[in-house]
Amino acid sequence: MIRHIVLIKFKPGIDGAVIDSLFDALSDLGDQIAGMRGFDGGISVSPEQLEQGFKHGFCIDFDNEAARDAYLEHPAHQALGAELVKAADGEISGLIVFDLEM
Numbered sequence: 097m098i099r100h101i102v103l104i105k106f107k108p109g110i111d112g113a114v115i116d117s118l119f120d121a122l123s124d125l126g127d128q129i130a131g132m133r134g135f136d137g138g139i140s141v142s143p144e145q146l147e148q149g150f151k152h153g154f155c156i157d158f159d160n161e162a163a164r165d166a167y168l169e170h171p172a173h174q175a176l177g178a179e180l181v182k183a184a185d186g187e188i189s190g191l192i193v194f195d196l197e198m
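The opening position of the sequence shown corresponds to residue 97 in the numbering used here, with each subsequent residue numbered one higher.
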């Protein structure tokens, strides 16, 4: 199993409804991509406050690397990825992507 982790530093003042819409659309990709097990996302609740501005994040679990790769290549993911980059503070530098083999 692959756990795909994305941390996002959104632009200051971005509307929460925009963030919710992006996360809902990412979650809905599970209906289109075989091997995508689920989506969990939201705002940090860490009491340590070590987020360095990355206050939002999400995780998606995939059955295997092939399922993760299908997600990466899927046109809907690419479109949503472009929207995330535009919404992130500093664009691509406002994102951290990390995949773990579970």
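No residue lacks a Cβ here, since even glycine has one placed at the ideal position from N, Cα and C.
Check: Would you list the one or two residues that DSSP bridges to residue 134?; Outcome: 157
Check: Output yes if chain C places a C-beta closer than 8 Å to the C-beta of residue 182; else output no.; Outcome: The chain labelled as chain C is not found in the depicted structure, where only one protein chain is given.
Check: Starting from the C-beta of residue 184, find all residues in its chain whose C-beta is less than 8 Å away, skip the five residues before and the five after it, and write them out in chain order.; Outcome: 104, 105, 106, 107, 190, 191
Check: Return yes when the Cβ of residue 170 is within less than 8 Å of the Cβ of residue 128, no when it is not.; Outcome: yes
Check: Near residue 163, which residues of its chain fall below 8 Å by C-beta distance, leaving aside the five closest residues on each side in sequence?; Outcome: 98, 129, 130, 131, 132
Check: Grouping DSSP H, G and I as helix and E and B as strand, with all else coil, what is residue 195?; Outcome: strand
Check: Return helix, strand or coil for residue 129, following the three-state DSSP convention.; Outcome: coil
Check: Would you identify the three-state DSSP class for residue 170, choosing helix, strand or coil?; Outcome: coil
Check: Measuring only the C-alpha atoms, how far is residue 172 from residue 109?; Outcome: 26 Å
Check: What's the gap between the Cα of residue 119 and the Cα of residue 146?; Outcome: 22 Å
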